[in-house]
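S.K.: Numbering that gives the first Met the number 0 puts the sequence shown at residues 0 to 233. All C-beta atoms, glycine included, are put in the ideal place defined by N, C-alpha and C. Treat the numbers as computed from the prediction; the structure is a model and nothing was measured.
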Amino acid sequence: MTQSLKSTTSRCPVCADPVLAEVVVKSNGDGKERVFLKKSCGKHGAFETLISSDARFYWLSKGEESGCCGDEKSGCCAEPAAGDRIGFLGRNAQLNLVPDDPKPFHKLSTCLALIEIVDSCNLSCPTCFADSPVGVGDKIQATSLADLKTRIQGVIDRKGPIEILQLSGGEPTLHPDFFELLGWCHENPGIDYVLVNSNGARLAKDQEFADELGRRMDYGHFQFYLQFDGPAEG
Numbered sequence: 000m001t002q003s004l005k006s007t008t009s010r011c012p013v014c015a016d017p018v019l020a021e022v023v024v025k026s027n028g029d030g031k032e033r034v035f036l037k038k039s040c041g042k043h044g045a046f047e048t049l050i051s052s053d054a055r056f057y058w059l060s061k062g063e064e065s066g067c068c069g070d071e072k073s074g075c076c077a078e079p080a081a082g083d084r085i086g087f088l089g090r091n092a093q094l095n096l097v098p099d100d101p102k103p104f105h106k107l108s109t110c111l112a113l114i115e116i117v118d119s120c121n122l123s124c125p126t127c128f129a130d131s132p133v134g135v136g137d138k139i140q141a142t143s144l145a146d147l148k149t150r151i152q153g154v155i156d157r158k159g160p161i162e163i164l165q166l167s168g169g170e171p172t173l174h175p176d177f178f179e180l181l182g183w184c185h186e187n188p189g190i191d192y193v194l195v196n197s198n199g200a201r202l203a204k205d206q207e208f209a210d211e212l213g214r215r216m217d218y219g220h221f222q223f224y225l226q227f228d229g230p231a232e233g
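Structure follows, in structure tokens:
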């Protein structure tokens, strides 16, 4: 059973020409509903792309209660929205960990700063949020360490301390001075917390890199954010 959700526009994956498209939900014999994007190109024919392997997640991502499991007293929707929760990373969040003893926020502070330290990536995903080109070895497109320090310190000088600094890309672990940059961030009093957004490929395949990263975890105020698309192939 197929149900149309909405009409939209997309592009042909072969020639990249704009084409009409339709978002549909399909029910299979296993009782699971999946969401697909259907489109057709006059030159290259019809295409169908999986948007969500579970329609409930699709509805939940759009803010619909029908995507929740359970009811308002139990299940995922029983929890308050993220904006209603007390944060726990960064100096301003730490000031407010004790509800009965409220303390003033710092006047100047960057809650979260994200910087892309490298353009290249070691994976070639069909859809990429950062539109990153594949590049390893001498083909890596990376911002120099000196330039990164200047940019980050410039934010601190103009806006005050950075509560959370996210190092992103591309794949940030490909940067030739990755660990030197981590060390500089750790020693910088204007940076509270460092997060690294990674696909985890180098961490899984490069034991020397993994060992060195493990030693840097002793810094504290540092987390490694891993991409996870699910246990099954799309």
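Mapping the DSSP letters down to three states, classify residue 152 as helix, strand or coil.
M.R.: If DSSP states are grouped into helix, strand and coil, residue 152 belongs with the helices.
S.K.: Put residue 45 into one of helix, strand or coil per three-state DSSP.
M.R.: strand
S.K.: Using three-state DSSP, classify residue 180 as helix, strand or coil.
M.R.: helix
S.K.: Give the secondary structure of residue 171 by DSSP, where H, G and I count as helix, E and B as strand, and everything else as coil.
M.R.: helix
S.K.: Count the other CB atoms within 10 Å of the CB of residue 5; is the residue buried (16 or more) or exposed (fewer)?
M.R.: exposed
S.K.: Give the C-beta separation of residue 195 and residue 171 to the nearest angstrom, bearing in mind that I take them to be a contact with Cβ-Cβ under 8 Å.
M.R.: 6 Å
S.K.: Flag this pair as yes or no: are the beta carbons of residue 147 and residue 180 separated by less than 9 Å?
M.R.: yes
S.K.: With 16 other CB atoms within 10 Å as the buried threshold, where does residue 173 fall?
M.R.: buried
S.K.: Contact check, residue 111 vs residue 190 under 8 Å by CB: the rounded distance?
M.R.: With 8 Å as the limit, residue 111 and residue 190 do not qualify as a contact, their Cβ atoms being about 12 Å apart.
S.K.: Leaving out the 5 sequence neighbours to the left and right, which residues in its chain are closer than 6 Å to residue 193 when beta-carbon positions are compared?
M.R.: 164, 184, 221
S.K.: Could you tell me which residues DSSP puts in a beta bridge with residue 218?
M.R.: None; residue 218 has no bridge partner.
S.K.: I need the straight-line Cα distance from residue 166 to residue 20, nearest angstrom please.
M.R.: 35 Å
S.K.: Whole angstroms are fine: how far does the CA of residue 177 sit from the CA of residue 216?
M.R.: 14 Å
S.K.: Quick check on the burial criterion: 16 or more other C-beta atoms within 10 angstroms. Buried or exposed for residue 16?
M.R.: By the neighbour-count rule (16 or more Cβ atoms within 10 Å), residue 16 is not buried but exposed.
S.K.: Using only CA atoms, which one of 55, 10, 53, 31 lies nearest to residue 47?
M.R.: 10
S.K.: In angstroms, rounded to a whole number, what distance separates the CA positions of residue 38 and residue 45?
M.R.: 6 Å
S.K.: With DSSP as the reference, label residue 228 as helix, strand or coil.
M.R.: coil
S.K.: Please state if the CB of residue 24 and the CB of residue 1 are separated by a distance shorter than 9 Å.
M.R.: yes
S.K.: Buried or exposed: where does residue 149 fall if 16 or more other Cβ atoms within 10 Å of its Cβ makes it buried?
M.R.: exposed
S.K.: Hey, could you find the ends of the beta strand (DSSP E) residue 112 is sitting in?
M.R.: 109-115
S.K.: Among 43, 218, 156, 169, which residue has its Cα nearest to the Cα of residue 142?
M.R.: 169
S.K.: Going by the C-beta, is residue 117 closer than 8 Å to any heavy atom of the ligand HEM?
M.R.: Among the ligands in the structure shown, none appear at all, so the ligand HEM cannot be discussed.
S.K.: Would the beta-carbon of residue 227 fall within 9 Å of that of residue 212?
M.R.: Going by C-beta atoms, residue 227 is not nearer than 9 Å to residue 212.
S.K.: Applying the criterion that 16 or more other CB atoms from any shown protein chain within 10 Å of the CB defines a buried residue, is residue 218 buried or exposed?
M.R.: Per the 10 Å Cβ criterion, exposed.
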